[in-house]
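Beneath this line is the structure, given in structure tokens, with notes to follow.
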Amino acid sequence: MNKPLTLKFVSENQKAINFYANNGWKKVVEEGSPGEKYWVMVYE
Numbered sequence: 087m088n089k090p091l092t093l094k095f096v097s098e099n100q101k102a103i104n105f106y107a108n109n110g111w112k113k114v115v116e117e118g119s120p121g122e123k124y125w126v127m128v129y130e
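Residue numbering for the sequence shown follows our numbering, beginning at 87 and increasing consecutively.
What follows is the structure, encoded as structure tokens:
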């Protein structure tokens, strides 16, 4: 696959945040409306 790779997931999903952060992914921006926020992450 070509890099960078991006993904989105629900901000409340702390397990996902930890998993991806521990595997080299970086948070880029948190988007969405209150109650429906999600993180965009990138892997370079």
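Note that the Cβ used here is the ideal one computed from N, Cα and C, for glycine as well.
For Lys123, there is no enclosing alpha helix (DSSP H), since its DSSP letter is neither H nor E. The beta-carbon separation of Thr92 and Val115, rounded to 11 Å, does not stay under the 8 Å limit for a contact. Per the coordinates, the alpha-carbon of Pro90 lies some 5 Å from the alpha-carbon of Tyr129.
A distance below 8 Å between beta-carbons, with the five flanking residues on each side excluded, links Gly110 to the following residues of its chain, in chain order: Tyr129. Lys113 carries a strand assignment under DSSP once its states are collapsed to helix, strand and coil.
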